[in-house]
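All remarks here apply to the structure that follows.
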Amino acid sequence: MGTAGVGVDQIIAIAKDRADKAKVFESVQIQDGGLVCKALGSAEEAHYRLTPRDGSLIVSLDMADRWQSESIESTLMHTGDKLEELLDEELAELGYEGDMPNYRHFRSDALLFVFESTVPIGGLDTDDAGERAAQFLLGYEACFRQLGDMDADGDED
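Counting the sequence shown from 1 gives a position; the working numbering is that position plus 19.
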């Protein structure tokens, strides 16, 4: 699961290149050794991130606005969809063939509402790990864009 033996900076650079080319983020930047992508069209400011942490690579969506986080939870509750299954579907469309990802949802020490998953890159070389990281980043974006008010620009209301 960990990042031992692979170049984390290279993994982040590969994922950044894919994120730039996808054109689904308002901005894409490398900051503090991780990748920060501002959500495009979100009702409130939100960021998708790839962050090295304790030998693992974490993909996440974070936002400061409680209402924004609750809008995602509310959509899931009303549709009966499971976030893991939605994410798994998006990852499959991006070519991922591994196990269904788990996610965690919490409020961080920085008072951000966070959804996050560990990117399974253990045993992969740097190029494959970069591709896997990009799949998870783009999968998160595709999954969450359709939930709550993450695509306020595309709302029909």
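Just so it is clear, CB atoms sit at the ideal spot from N, CA and C, and this is done for glycine as well.
Top-ranked residue by Cα proximity to Y67, from K57, E109, L76, S61: The shortest C-alpha separation from Y67 is found at K57.
Tell me whether M169 is buried or exposed, calling it buried when 16 or more other Cβ atoms sit within 10 Å of its Cβ. Only buried fits M169, as 16 or more other CB atoms lie within 10 angstroms of its CB.
If you count every other CB in all the chains shown that lies within 10 Å of the CB of T98, and 16 or more means buried, which is it? exposed
Cα-Cα, which of E150, G167, P139 is closest to P120? The residue with the shortest Cα to Cα distance from P120 is P139.
So is R151 buried or exposed if we call it buried at 16+ other beta carbons inside 10 Å? buried
Please go through the stretch 113–150 and give each complete beta strand (DSSP E) segment of 3 or more residues, from N-terminal end onward. 123–126, 132–138
Measuring CA to CA, which of G60, E92, Q50, E108 is closest to Q154? E108
When DSSP labels each residue in this structure, what does D176 get in the three-state scheme? Any reading at D176 must be qualified, since the residue scores a pLDDT of 38, below 50, and its modelled position is unreliable; the value itself is stated next. D176 falls in the coil class under three-state DSSP.
Pick from G60, G141, R123, E104: whose alpha carbon is nearest that of R164? G60
Under 8 Å, do T145 and S75 count as touching if we go by C-beta distance? no
Whole alpha helix (DSSP H) elements within the stretch 31–87, 4-residue minimum: none
Taking DSSP as the reference, what is the three-state secondary structure of D168? In the structure shown, D168 sits in coil (DSSP, three-state: anything other than H, G, I, E or B).
By the 10 Å Cβ neighbour count, where 16 or more other Cβ atoms means buried, how is D28 classified, buried or exposed? D28 is exposed by the Cβ-count criterion.
C-alpha gap between K40 and E104, whole angstroms: 26 Å
Using alpha carbons as the reference points, say which of S79, E63, I33, V47 lies closest to R85. E63
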